[in-house]
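Following: one structure in structure tokens, then a few remarks.
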Amino acid sequence: MAAKDKKDIYIPKNDLDPREVALCILLSVTEGRRKSNLAISESLRTSRLSERDRALVTAIAEGTLDYLIRIDYVISRYTRKPLRFMQPEARGILRMSVYQILFLDRVPDSAACNEAVELAKKRGISGLSGFINAVLRSVVRDKEKGSGKLFDYPEKHIYYSLPKWLYKKLCADYGTQKAEAIAASYLTKRGVTVRFNLSLSSEEEIRESLSEDGAEPEKVDMRRIFEEKGVELSDRYLPVVYKLKNASRLNSLRAFKEGLVCVQDPASTLPAALSEPKEGDFIIDVCAAPGGKSMQLCDLLKGSGMVAARDVSPQKIRLIEENVSRTGFKNISLKVWDALKEDEESFFRADIVMADLPCSGLGIIGRKPDIKQNIKSYSIEELRELQREMLMVVSRYVKPHGRLVYSTCTITPEENEQNVAWALSHLGFKLERSIKLLPDEEHDGFFAAVLRKEFI
């Protein structure tokens, strides 16, 4: 059965049962190949769960996906039947239940076992409930004994729940110490961060609004983040970013509804900030969805100039439209356009071309754990070639002495430094500056480079 058909099967029969909702999210991602962030947000939006149960669903779904490789290794030690041959619902119940037993202290182990058995019955696999119960009870017994069967792992990649090839690549690119820090960061939840639109209101007013609504905003030291990488920015371009300690109902915050803030990781603010647009600039954002960087550029232009935001499909453009509608920015136009397709009308018109291109996403695994399940080793080389094809096209939109801002949300040299070196030697640009942030407990991983066009 095709993945697009599978995803429709995994719908909770009772959307008031948090564990059944969590199971359906998990199956939609692991069996139906849905993106984890979309599966979670859509399920929560359509369910009738209480705030407490919504938090439990998010914790179970995200946590199980974060630790999936380690969880699968643990399960394999308690059953002779390989997971790939198990019925998908049984596999999903075992995975989320082992996560609760090993990592979720708020759930008693006995409750995790009992709920798993009941969930198997609800999902029509009561014949497997005895098998599920036996495996989970064995896990609980060994947890209580501190058995090495649960806590000793033959290889580091299992402990960090990463594909073996990916962990080896991180070690090859960054050394073992940094690779372990990166791998650990993928398992660290950083919460929600928002960037303030300061052309719409002052920092003080936005912060007060968030505080009044109980969001508990805490400022991120963006100047330190930039300066630690040797980049200095004036206050004019320095993003104002806050972490929200309580963002369970983001859509209900007045500052969000009025477009005063945009959800954006500190690292993803780098490209627009480094571009340093001048009022009146014409900017083309070639892969703009969901629109965070476009909104940041509109804000920096202070209502002047124009941001021509483009993406490959109507669905992606609709994501940008949601941001435009909420913020009310007028200095933006939207267009469905494939970045691989030349737009002759745009040749040599743009003061700035923002090229935040499709990539392997290794900088944002902490937010989208499905990436590490789906990315393959050969994908990185394929993506590098795709990025070069796009750069060859979109670089033609830059005016003489204009700037091309190339960025990705990944950390591979192939997709970042190697592509910049290629652009410098093939496309007639000079490097002004670049910055790479590796993922840590404060921000995602990101790369951005500012290239200035030297000749046509």
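Going by the numbering used here, the first residue of the sequence shown is number 3, and it counts up by one from there. From the three backbone atoms N, C-alpha and C, an ideal C-beta is built for every residue, glycine too. Here the structure is a predicted model, which means the values were calculated and not measured.
Going by C-alpha distance, which of the options is nearest residue i?
i: H403; options: L152, I62 and L453; result: L453
i: D353; options: I95, D287 and V141; result: D287
i: S201; options: G330, A41 and L152; result: G330
i: D175; options: C26, I413 and W424; result: I413
i: A450; options: L164, N418 and S149; result: N418
i: D358; options: C289, L336 and L426; result: C289
i: L189; options: S409, P241 and I71; result: I71
i: A185; options: A41, G305, I367 and I73; result: I367
i: P156; options: E234, Y75 and K170; result: Y75
i: G294; options: M356, L96, E234 and S348; result: M356
i: K15; options: R238, G363 and G126; result: G126
i: R197; options: K304, C361 and L240; result: L240
i: S362; options: E384, D345 and Y161; result: E384
i: G305; options: G447, S149 and K332; result: K332
i: G307; options: S30, E346, R351 and D340; result: R351
Given that a residue counts as buried once 16 or more other Cβ atoms are within 10 Å of its Cβ, and exposed if not, what is residue i?
i: G370; result: For the sequence presented, residue 370 should be read as Lys rather than Gly. Buried, since its Cβ has 16 or more Cβ neighbours within 10 Å.
i: L130; result: buried
i: D223; result: exposed
i: E22; result: buried
i: P110; result: exposed
i: K6; result: Because K6 sits at a pLDDT of 39, beneath the cut-off of 50, its placement in the model cannot be relied upon, and the point is left open.
i: R36; result: buried
i: L25; result: buried
i: Q266; result: buried
i: Y380; result: exposed
i: L439; result: buried
i: K473; result: The structure shown does not extend to residue 473, since the chain is modelled only from 3 to 458, so the question has no answer here.
i: S335; result: exposed
i: D10; result: For D10, the pLDDT reaches just 45, beneath the cut-off of 50, and the residue's location in the model is therefore unreliable, although a value from the coordinates is still provided. By the 10 Å Cβ count, D10 comes out exposed.
i: N199; result: buried
Hey, quick one: how far does the beta strand (DSSP E) through residue i stretch, first residue to last?
i: S348; result: Unbroken run through S348: none, as it is neither H nor E.
i: I437; result: F431 to L439
i: I367; result: From DSSP, I367 is part of no beta strand (DSSP E); its letter is neither H nor E.
i: T195; result: V194 to F198
i: E220; result: P219 to K221
i: G149; result: Just to set this straight, residue 149 is Ser in the shown sequence, not Gly. First-last for S149: undefined, no H or E at that position.
i: I334; result: I334 to V338
State the DSSP-derived secondary structure class of residue i, mapped to helix, strand or coil.
i: E417; result: coil
i: M392; result: helix
i: S49; result: coil
i: G232; result: coil
i: C115; result: helix
i: S43; result: helix
i: T412; result: coil
i: P268; result: helix
i: L299; result: helix
i: S140; result: helix
i: I208; result: helix
i: P402; result: strand
i: A310; result: strand
i: V452; result: strand
i: I286; result: strand
i: H381; result: Per the sequence shown, the amino acid found at residue 381 is Ser instead of His. Reduced to three states, the DSSP call for S381 is helix.
i: I95; result: helix
i: V263; result: strand
i: Y75; result: helix
i: L202; result: coil
i: V243; result: strand
Would you kindly report the start and end of the unbroken alpha helix (DSSP H) that includes residue i?
i: R321; result: Here the sequence assigns Leu to residue 321, which means Arg is not the residue at that position. Where L321 is concerned, the enclosing alpha helix (DSSP H) stretches over P316 to T329.
i: H159; result: K158 to Y161
i: P464; result: No information on residue 464 is available, as it lies outside the stretch 3 to 458 that the chain covers here.
i: S277; result: L272 to S277
i: D175; result: K166 to Y188
i: R256; result: R256 to K259
i: V31; result: P20 to T32
Tell me whether residue i, by its Cβ, gets closer than 7 Å to a heavy atom of the ligand FMN.
i: A269; result: As far as ligands go, the structure on display features none, and thus does not contain the ligand FMN.
Open item on the list: I'd like to know if the stretch 78 to 93 and the stretch 49 to 65 are in contact, where contact means that at least 3 CB-CB pairs between them fall below 8 Å.
Closed with: no
Open item on the list: Could you check whether the stretch 96 to 109 touches the stretch 58 to 65, counting it as contact only if at least three pairs of C-beta atoms, one from each stretch, sit closer than 8 Å?
Closed with: yes
TODO: Determine, using beta-carbon pairs with one atom in the stretch 269 to 282 and one in the stretch 209 to 222, whether at least three such pairs fall under 8 Å.
DONE: no
Open item on the list: So, does the stretch 430 to 448 touch the stretch 291 to 302, judging by three or more C-beta pairs under 8 Å?
Closed with: no
Open item on the list: Check whether the stretch 370 to 388 and the stretch 316 to 326 touch, using three or more Cβ-Cβ pairs below 8 Å as the test.
Closed with: Contact between the stretch 370 to 388 and the stretch 316 to 326 is not established, with fewer than three Cβ pairs separated by less than 8 Å.
Open item on the list: Contact between the stretch 109 to 116 and the stretch 69 to 84 is defined here as three or more beta-carbon pairs at a separation below 8 Å; is this criterion met?
Closed with: Using a C-beta cut-off of 8 Å, the stretch 109 to 116 makes no contact with the stretch 69 to 84, since fewer than three inter-stretch Cβ pairs fall below that distance.
Task: Three CB pairs or more closer than 8 Å across the stretch 240 to 247 and the stretch 305 to 313 - done: no
Task: the stretch 256 to 264 contacting the stretch 325 to 342, beta-carbon criterion three pairs below 8 Å - done: yes
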